[in-house]
Amino acid sequence: MQSAIKNGVGGGKNQVVKLDRVTVLPPVRRPGKIICMGGNFSDHLKEGTSSLPPFPISFLKAPSALTGHLAPILYPPRVKLLDYEVELAAVIGQRCKDVSKEDALDYVAGFSVFDDISARDIQFAEMKRGFCNLGKNFATFAPMGPYLVTPDQAGEPDNMKMELRVNGSTRQLSSTKMMVFKIRELIEFFS
Numbered sequence: 049m050q051s052a053i054k055n056g057v058g059g060g061k062n063q064v065v066k067l068d069r070v071t072v073l074p075p076v077r078r079p080g081k082i083i084c085m086g087g088n089f090s091d092h093l094k095e096g097t098s099s100l101p102p103f104p105i106s107f108l109k110a111p112s113a114l115t116g117h118l119a120p121i122l123y124p125p126r127v128k129l130l131d132y133e134v135e136l137a138a139v140i141g142q143r144c145k146d147v148s149k150e151d152a153l154d155y156v157a158g159f160s161v162f163d164d165i166s167a168r169d170i171q172f173a174e175m176k177r178g179f180c181n182l183g184k185n186f187a188t189f190a191p192m193g194p195y196l197v198t199p200d201q202a203g204e205p206d207n208m209k210m211e212l213r214v215n216g217s218t219r220q221l222s223s224t225k226m227m228v229f230k231i232r233e234l235i236e237f238f239s
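According to my numbering, the stretch in the sequence shown is residues 49 to 239, in order.
In C-alpha cells, the structure reads:
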C-alpha cells in the first residue's frame with residue numbers, strides 16, 4: 049500500500065479524479081455493530097414531545113444498511129414517511145470493555161459523519177409493539193463518510209459542527225455541543 053501511495057495511482061501517474069466520478073464507500077466496511085443513540089440531541093428533542101432521557105437510549109443499525117457518502121438513498125416503495133438526521137460516528141478501533149470516560153478517546157480510531165435514515169411510519173408502528181428494527185435498517189439507511197478522521201486531527205468531539213444536505217440543499221445544522229450524552233460518556237456507558 050505504501051508503495052502505491054508513493055508511486056501514485058495508475059502506475060506512477062498522478063491522476064486527479066473528481067469526487068462525483070467515483071463511488072465512495074463507507075470508511076468502515078464491516079463493522080461488528082453499529083450502536084446509535086435515540087433522542088440524544090437536545091435540539092431534536094425540542095422538535096418532538098420527548099423529554100431528556102435518564103440514560104443513553106440506543107438502537108442498532110445493521111451493517112448491511114451502510115452506504116457511502118453521496119450514494120443515493122433507496123426509498124422503499126412501502127415507506128410513506130422518510131426522515132434523516134446527521135450524526136457523529138465514533139469508530140472504536142480496539143476491544144473496549146469497562147472503559148472510563150477519561151480514557152474513552154484512547155479507544156477511538158476515528159470520527160466520521162453518519163446519517164441516520166428512518167422510515168418513520170414503519171418505525172412508529174414497530175415502537176407501538178416495543179421494537180425498532182426495520183424502520184431503521186433498510187438498505188442505504190446508514191450513509192457514512194467520506195472520511196475517517198483520527199481524534200488528534202478531529203479535535204474536541206464535543207464541539208463539532210454538523211450539516212446534512214439533501215440533493216444539495218441544507219436540511220439540518222447541528223453541533224455535538226447539543227448532545228445530551230457526550231462521546232466520552234457514551235463510550236463509558238456502552239463499554
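Every residue, glycine too, gets a C-beta built ideally from N, C-alpha and C.
Closest to residue i by CA distance: which of the options is it?
i, options, result
"Ile-82", "Ala-138, Val-72, Lys-128, Tyr-123", "Ala-138"
"His-117", "Ala-190, Glu-204, Val-147", "Ala-190"
"Asn-207", "Tyr-195, Met-227, Pro-194", "Met-227"
"Ala-157", "Pro-125, Leu-130, Asp-164, Val-197", "Val-197"
"Pro-75", "Asp-68, Pro-101, Ile-105, Thr-115", "Thr-115"
"Arg-219", "Gln-142, Glu-204, Thr-71, Tyr-132", "Tyr-132"
"Gly-80", "Ser-217, Lys-230, Gly-141, Thr-224", "Gly-141"
"Leu-130", "Val-214, Val-72, Lys-209, Gln-201", "Val-214"
"Ala-152", "Leu-67, Arg-69, Val-70, Lys-230", "Lys-230"
Grouping DSSP H, G and I as helix and E and B as strand, with all else coil, what is residue i?
i, result
"Glu-174", "helix"
"Asp-68", "helix"
"Phe-229", "coil"
"Leu-18", "Not covered by the structure: residue 18. The range shown for the chain is 49 to 239."
"Arg-168", "helix"
"Met-49", "Residue placement at Met-49 cannot be trusted, given a pLDDT of 42 that sits under 50; the coordinates are not used to answer."
"Asp-151", "coil"
I'd like the list of long-range same chain contacts for residue i, defined as Cβ closer than 6 Å, with 5 residues on each side in sequence excluded.
i, result
"Leu-182", "Ile-170"
"Leu-149", "Sequence check: residue 149 is Lys here, not Leu. Within the same chain, Lys-149 has close Cβ partners Arg-232, Glu-233, Glu-236."
"Phe-162", "Glu-135, Ala-137, Met-192"
"Leu-221", "Glu-211"
"Ile-53", "Low confidence applies here, because Ile-53 scores a pLDDT of 49, under 50, leaving its location unreliable; read the following figure in that light. None."
"Pro-101", "Gly-87"
"Pro-194", "Val-72, His-117"
"Ala-202", "Phe-159"
"Lys-209", "Ser-223"
Suppose the cutoff is 7 Å on Cβ atoms and the five residues either side in sequence are ignored; what does the same chain contact list for residue i look like?
i, result
"Val-64", "none"
"Ser-90", "Met-226, Val-228"
"Ser-239", "Cys-144, Lys-145, Asp-146, Val-147"
"Phe-107", "Cys-84, Gly-86, Cys-180, Lys-184"
"Tyr-155", "Ile-140, Gly-141, Gln-142, Cys-144, Val-147, Ile-235"
What is the C-beta distance between residue i and residue j, in whole angstroms, given that I count them as a contact (C-beta under 8 Å)?
i, j, result
"Lys-159", "Pro-125", "Note on identity: in this sequence residue 159 is Phe, with Lys being the wrong assignment. Between Pro-125 and Phe-159 the Cβ distance is about 34 Å, and since that is not below 8 Å, they are no contact."
"Pro-120", "Arg-78", "Pro-120 to Arg-78, Cβ: 22 Å. No contact."
"Gly-205", "Thr-188", "Reading off the sequence, residue 205 comes out as Pro, not Gly. Their Cβ separation, rounded to whole angstroms, is 26 Å, which puts Pro-205 and Thr-188 out of contact at 8 Å."
Keeping to the same chain, check which residues put their C-beta closer than 8 Å to that of residue i; ignore five residues upstream and five downstream.
i, result
"Phe-186", "Ala-113, Leu-122, Pro-124, Val-127, Ile-165, Ala-167"
Problem - Complete alpha helix (DSSP H) runs within the region 179-214 (minimum length 4 residues, chain order) - result: As far as the region 179-214 is concerned, its whole alpha helix (DSSP H) runs of at least 4 residues are 199-202.
Exercise for the section: Please list the segments of the alpha helix (DSSP H) lying wholly inside the region 85-142, counting only runs of 4 or more residues, in order along the chain. Expected result: Here the runs fully enclosed are 90-95.
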